[in-house]
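Working notes, beginning with the structure itself.
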Amino acid sequence: MVKGVQLARTASWKVRDEFSLSDHKYIRTQLGISVQNHTYTRFKTAHGGHRKFSMHFRKEIPQIQQQLLDCKTREQLDVTTSFLQRAIFRCCQKVYKLKKVKQSSKVSWWKQ
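So this note's numbering is basically just the index in the sequence shown, starting at one, shifted up by 331.
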């Protein structure tokens, strides 16, 4: 969502010299914002495959445990947490099918 002040800082406008059918002139407004689409992966976990996931994840546990034991700083804990998340994701990729995620085609700041 873009607030008015942010929009005013990034917007530019120019009066156009094009012919119009009235005594008004066209104004071209350009917004200096980018639209970001967030995508994410979802897995179909409702139809089983949990035993197979456990078999794959068990192989990752010793390394994760060792990294947790070696954590002395917040940065090391962040690295270990990222490693854990990637390990879970890799195991899910091996076992589960992907869910189709519907993308919203509406622009969040446009209201009519």
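For each residue, glycine too, the CB sits at the ideal point set by N, CA and C.
The structure displayed is predicted, hence computed values, not measured ones.
Query                                                                                                                                                           : Result
Should Leu411 go down as buried or exposed, given a rule of 16 or more other Cβ atoms within 10 Å for buried?                                                   : Leu is not the amino acid found at residue 411; the sequence shown has Thr there. Result: buried.
Return yes when the Cβ of Lys375 is within less than 8 Å of the Cβ of Lys430, no when it is not.                                                                : yes
Quick one: grab the DSSP three-state call for Lys345.                                                                                                           : strand
Trp347 and Arg359 look like a contact to me (Cβ under 8 Å); what is the Cβ gap, rounded to whole Å?                                                             : It should be pointed out that residue 347 corresponds to Arg in this sequence rather than to Trp. So it is a contact: roughly 6 Å between Cβ atoms.
Applying the criterion that 16 or more other CB atoms from any shown protein chain within 10 Å of the CB defines a buried residue, is Tyr427 buried or exposed? : buried
Report the residue from Gly380, Thr370, Val432 and Phe414 whose alpha carbon sits nearest the alpha carbon of Leu399.                                           : Phe414
Looking at the structure shown, is Ile419 part of a helix, part of a strand, or coil, going by DSSP?                                                            : helix
With H, G and I counted as helix, E and B as strand and the rest as coil, what does DSSP make of Ile358?                                                        : strand
In chain order, what residues of the same chain lie with their CB nearer than 8 Å to the CB of Ser343, ignoring the 5 residues before and after it?             : Thr360, Gln361 and Gly363
Looking at the unbroken alpha helix (DSSP H) that takes in Leu352, where does it start and where does it end?                                                   : That residue, Leu352, is in no alpha helix (DSSP H); it is neither H nor E in DSSP.
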